[in-house]
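Chains as they are written, first to last, in UniProt numbering: chain A, 1 to 352; chain B, 1 to 309; chain C, 1 to 320. Positions of the beta carbon are idealized from the N, C-alpha and C atoms, including for glycine. First up is the structure itself, then whatever we jot down about it.
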Amino acid sequence: MTIIDEMAESPAPDGSQDTGRPLLEVRDLHVEFRTRDGVAKAVNGVNYSVAAGETLAVLGESGSGKSVTAQAIMGILDMPPGRIPKGEILFRGQDMLKMSGEERRKIRGRKIAMIFQDALSSLNPVLSVGYQLGEMFRVHQGLSKKDAKAKAIELMDRVKIPAAGDRVNDYPHQFSGGMRQRIMIAMALALEPDLIIADEPTTALDVTVQAQVMDLLAELQREYNMGLILITHDLGVVADVADKIAVMYAGRIVEHAPVHELYKRPAHPYTKGLLDSIPRLDQKGQELYAIKGLPPNLTRIPSGCAFNPRCPQAQDICRTDIPPLHPVTERDGGELVGRSSACHFWKETIHG
Amino acid sequence: MGRYVARRLLQMIPVFIGSTLLIFCMMYALPGDPVRAMMGDQAYDPAVVASIKKELGLDQPLLQQYVNYMTGLLQGDFGTQIASQRPIKDVILDAFPVTIRLTLFAFIFVSLVGIGLGIVAGLRPDTLRDRGLLTLTLFLVSMPSFVLGFLLQYQFAFKWQVTTPTVTDSTDFSQLMLPAIVLASLSLAYVARLTRTSIAENLRSDYMRTAVAKGLPRRRVIGVHLMRNSLIPVVTFLGIEVGNLMTGAIVTEGIFNVRGIGLEIYDALSRREGATVVGIASLMVLIYLAASLIVDLLYAVLDPRIRYA
Amino acid sequence: MPDKTVEKKVEALPGDTASTAGVVVTDAGPAPEKARSLWSDAWHDLRRNPLFLISAVLIVFLLVMSIWPGLFTSASPRDADLAKHYLGKPNWGHFFAPDWLGYDVQGRSIYARVVYGARASITVGVGVTIAVTIIGTFIGMIAGYFGGWTDTLLSRLTDIFLGIPFLLGALVVLNSFDNRTVWVVIMALAFLGWTQIARVARGAVITIKQADYVVAAKALGASTSRILVRHILPNALAPIIVVATIALGGYIAAEATLSFLGVGLGDTAVSWGGDVARGREQLRIAPHTLIIPSVMVSITVLSFLMFGDAVRNALDPKLR
């Protein structure tokens, strides 16, 4: 209990105090997994940062390393078989990878919380939602069972679950998919963390419910001025809520850009391919573009640019040299803030 | 809940009738004649045999015999043993507490040691410790209880002489220790393996990841979130085991000469005393069915997904 | 208890069954460039599993022993010489000689009896397993596929058989026969033992029949028998094979236990369980007469259990 009290007295987490310094910064993160077929290199030098109140969307196919990065941030990677050979994860300037297990535990849930994709399997099936929500307060704030339940009802109200008082003792399987995801959000929100990581929060939901849940998330983020990392493979979801986008491929960030810039002028052939494969009303009747080929096998990532076997613009250099993340500029060299692309031919892609 | 119990009880009736009828048929319809078995090798007079059979109702059609027998059973009349002329009810009343003591002893052993070993192995799957325990349970499973029984009897009673080779007083728990361990060994191995698998599986579940992501201390993640889920199949399995332990007692009681239900049924079988065999067997079926009913109810209590389904 | 070896796996299985069946289903999903089937994947795993290799070698050894016992010993299991060999102690140095493992109470070579006893155990084990697999798969598939009242009826029938403790039932049935040959024992055990496979098969079929490829086959107008044989059976096979392999060990233990109780194979048959029962009287003075056949039973059961365990682990990716 004393530890918890000390934590409570430590400087209040307030995004406004440290403007300029990002809330979370991932630096050159590498993650690999031992598998039967060799070492799978899931994350190969990822860099990104999120500030308070900012939303970063991380976009990529499954296996691109977007979820693994998030799990590394949360400290919930299965180790072994997972391993972090290299990299730093700075939370308010402190490297979490160097912290003790107990220090990290106190950050989890309280400072950084996570929303998972499949709320049904992510919630404990044999404990009531009220218990699972209240647990946050009981463990981190030492509240009594009764107070925790009152707080749980409050939280359920907060995420707009109707008749929260009656449903607090219900079990996860008794809720609809959308309601369950709201409970996940409520759980993440419980201690008003500084940062929320949402891993495909709406993928498992119906389209209409998707919008509601996204709106709720965006609204709560604004209200609490939280940082938000939104992991998704769906370009449609991010357009409205994200501030900036990091596109990942084979464990690397291949393009980084403010959201509307990216949609207007992609600077990487992979991003371009993704955008072209979205069905659009004004192209009715035309054949829909599809990126050819399959995502790479992470135990045998192609040499050079990992995207080269699938890239329509690939040249010899793409098969030999790994492209660094180039800063992207206007045709005349004018600065484009926050834009970069890991393509040897970014100029041709964006301006071509 | 009440309606569910009632429905389950109703479902049990045909199963009980079916199982006991099946045993009854196996006992009486197959070759083998109790009267002849009773007379042994002596030359017998067919007329005498026929009259004894008539007296015992063995000349009636099989179904009629079954109905007669069951009506008697429902009124608490188990019939009389042919050889000893003792009421079967008395035989059962004498032997049953002995078997219950033995089974209970074994059951406690199974629960404590089995679950304990399973947890120890399951929390660190695929380590040396886990592999070692799995191998140990494999050895236990592959040793039929008569093998284990004799090995332990030889080692503890004959070589080291720390216990008696046979049980002379079934209320003495130090004497019952060895038979209980032998009786428990197989169940124990299964419970350990089941617990281990269940824990190792749940350890990788999404909700466990959530529990860690919530910043709960490990103690709580394991004690509340993991155990609650992992032990559901184990608890239900243990319920079923009660019935299995009871039949397992036939062999164990034979080895250690424990005068329980197992020995009685074995003796009755060798004398082909149908009434005793069917009586005891019916009781075992009943216990087995009751155990599975309790298990189902327990399941519903422990797992809300079933409760509200 | 051998009856439990047989029955218990059922209880532990619902989860396993579903997952194993699930594998088969997901196998049809998007595969990496190097697509491996469930079976070749399992084989890949098995080849490097020492437990599997050891058990496979032991099983081959036991099979050879049960087919050609003459390869292992020139002594006859029935030659008795009371005067010379009464309870003779083993001569551990005399490998494969008649007196290697000593003599029993009638002066018969225990080594020869152990070698010749393999046939009874293996025949009963394999015979019962084949019989219960056929009966159980058939009943389980019918119940699982057709559902409704067919399922209710067959499930109730399964319940009735399950209500009878295996060992008790076997005792009652076998006790009625005076001349208990291998076939009588096989039929008696199969008669009582099919429920386990039936349950597993039913569970697997219920999962599989909802799979898209079965629905598709139905939509394309495939006949019921074709769907059952071509689509459902091959995919339900994995869990059935796993249970059957593990059960095999249990049936061998059951046969030995029944012989030990005096209701297994007839007195003239050479069987490990019978030898254990006869050795019982000399446990104090000549423990080897009991321990050696006991150890043979255990090694045999262990081999099949290890084999089944390895196969299950290879087929069930959840345990990887």
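How many whole angstroms separate the CB atoms of residue i and residue j, which I take to be in contact at a CB cut-off of 8 Å?
| i | j | result |
| --- | --- | --- |
| V246 of chain A | H256 of chain A | In the sequence on display, residue 246 of chain A carries Ala and not Val. Confirmed, Cβ separation roughly 5 Å. |
| I110 of chain C | I292 of chain C | 5 Å |
| G140 of chain C | R199 of chain C | 7 Å |
| I178 of chain A | V207 of chain A | The residue you asked about is not Ile; residue 178 of chain A is Gly in the sequence shown. Going by Cβ atoms, the distance from G178 of chain A to V207 of chain A rounds to 11 Å, so no, they are not a contact pair. |
| G134 of chain A | A148 of chain A | 3 Å |
| A256 of chain C | V297 of chain C | 5 Å |
| H268 of chain A | A342 of chain A | 7 Å |
Using only the alpha-carbon positions, how far apart do residue i and residue j sit?
| i | j | result |
| --- | --- | --- |
| M143 of chain B | I135 of chain C | 28 Å |
| Y288 of chain B | G243 of chain B | 5 Å |
| Q64 of chain B | G262 of chain C | 31 Å |
| E335 of chain A | P327 of chain A | 9 Å |
| L178 of chain B | L186 of chain B | 14 Å |
| I280 of chain B | I92 of chain B | 7 Å |
| H231 of chain C | T135 of chain B | 37 Å |
| F345 of chain A | C305 of chain A | 11 Å |
| E88 of chain A | G45 of chain A | 10 Å |
| N313 of chain C | G352 of chain A | 55 Å |
| residue 323 of chain C | I265 of chain B | Within the shown structure, residues of chain C are numbered from 1 to 320, placing residue 323 of chain C beyond reach of any answer. |
| P287 of chain C | V167 of chain B | 20 Å |
| V26 of chain A | I227 of chain C | 53 Å |
| S64 of chain A | G116 of chain B | 41 Å |
| G236 of chain A | P258 of chain A | 15 Å |
| A249 of chain B | I197 of chain C | 25 Å |
| residue 322 of chain C | I122 of chain C | Here chain C has residues from 1 to 320 only, and residue 322 of chain C is not among them. |
| L293 of chain B | N297 of chain A | 51 Å |
| V68 of chain A | I84 of chain A | 11 Å |
| T26 of chain C | P234 of chain C | In this prediction, T26 of chain C has a pLDDT of 33, which is less than 50 and means its spatial position is unreliable; what the coordinates show is noted afterwards. Cα to Cα, the separation comes out at about 14 Å. |
Anything in chain B within Cβ reach of residue i, meaning under 7 Å, just list it in chain order.
| i | result |
| --- | --- |
| M306 of chain C | L138 |
| L167 of chain C | T247 and I250 |
| V297 of chain C | P144 and V147 |
| M99 of chain A | Simply none; closest approach about 13 Å. |
What residues of chain B sit near residue i, judged by a beta carbon separation below 8 Å?
| i | result |
| --- | --- |
| G109 of chain A | A213, K214, G215 and L216 |
| I76 of chain A | R209, V212 and A213 |
| N175 of chain C | G32, L269, S270 and R272 |
So with CB distances below 9 Å, who are the chain B contacts of residue i?
| i | result |
| --- | --- |
| F116 of chain A | D206, R209, T210 and A213 |
| L302 of chain C | L138, F139, V141, S142 and M143 |
| L171 of chain C | I250, I265, Y266, L269 and V277 |
Does residue i come within less than 8 Å of chain C when only Cβ atoms are used?
| i | result |
| --- | --- |
| A309 of chain B | At A309 of chain B the pLDDT is 46, less than 50, meaning the model places this residue with poor confidence; the figure from the coordinates comes in the next sentence. With 8 Å as the cut-off, A309 of chain B does not count as an interface residue toward chain C. |
| T127 of chain B | no |
| S19 of chain B | yes |
| L22 of chain B | yes |
| F158 of chain B | yes |
Answer with yes or no whether the minimum CB distance from residue i to chain B is below 8 Å.
| i | result |
| --- | --- |
| A190 of chain C | no |
| A195 of chain A | This sequence places Leu at residue 195 of chain A; Ala is not what is there. Judged by the 8 Å Cβ criterion, L195 of chain A is not in contact with chain B. |
| R180 of chain C | no |
| R284 of chain C | yes |
| R105 of chain A | yes |
| P81 of chain A | no |
| S176 of chain A | no |
| A123 of chain A | First, the amino acid is wrong: residue 123 of chain A is Leu here, not Ala. It does; some Cβ of chain B falls within 8 Å. |
| L127 of chain A | yes |
In chain C, what lies closer than 7 Å to residue i by C-beta?
| i | result |
| --- | --- |
| F146 of chain B | T257, F260 and V276 |
For a contact defined as C-beta to C-beta under 9 Å, what are the partners of residue i on chain A?
| i | result |
| --- | --- |
| R219 of chain B | Residues of chain A passing the Cβ test: none, with the nearest at roughly 10 Å. |
### Message
What are the residues in the segment 137-165 of chain A lying within 7 Å of chain B by C-beta distance?
### Response
V139 and H140
### Interfacial residues, the segment 136-165 of chain C to chain B, with Cβ spacing under 7 Å
R156, D159, I160, G163, I164 and P165
### Task
May I ask you to list, following chain order, the residues of the segment 70-92 of chain C that have a beta carbon less than 9 Å from some beta carbon of chain B?
none
### Query
Given a limit of 7 Å on CB to CB distance, which residues of the segment 278-291 of chain B reach chain C?
A281, M284, V285, Y288 and L289
### Message
Along the segment 102-131 of chain C, where does the CB come closer than 9 Å to a CB of chain B? Name the residues.
### Response
none
### Query
In the segment 291-305 of chain B, which residues sit with their C-beta less than 8 Å from some C-beta in chain A, listed in chain order?
L302, D303, P304 and R305
### Task
May I ask you to list, following chain order, the residues of the segment 220-237 of chain B that have a beta carbon less than 8 Å from some beta carbon of chain A?
R220, V224, H225, R228, N229 and I232
### Task
Could you list the residues in the segment 101-132 of chain B with a C-beta less than 7 Å from some C-beta on chain C, going in chain order?
none
### Message
So if I threshold CB-CB distances at 9 Å, which residues from the segment 201-234 of chain A count as touching chain B?
### Response
none
### Task
Quick one: which residues of the segment 66-93 of chain B get their C-beta closer than 7 Å to a C-beta of chain C? List them in chain order.
none
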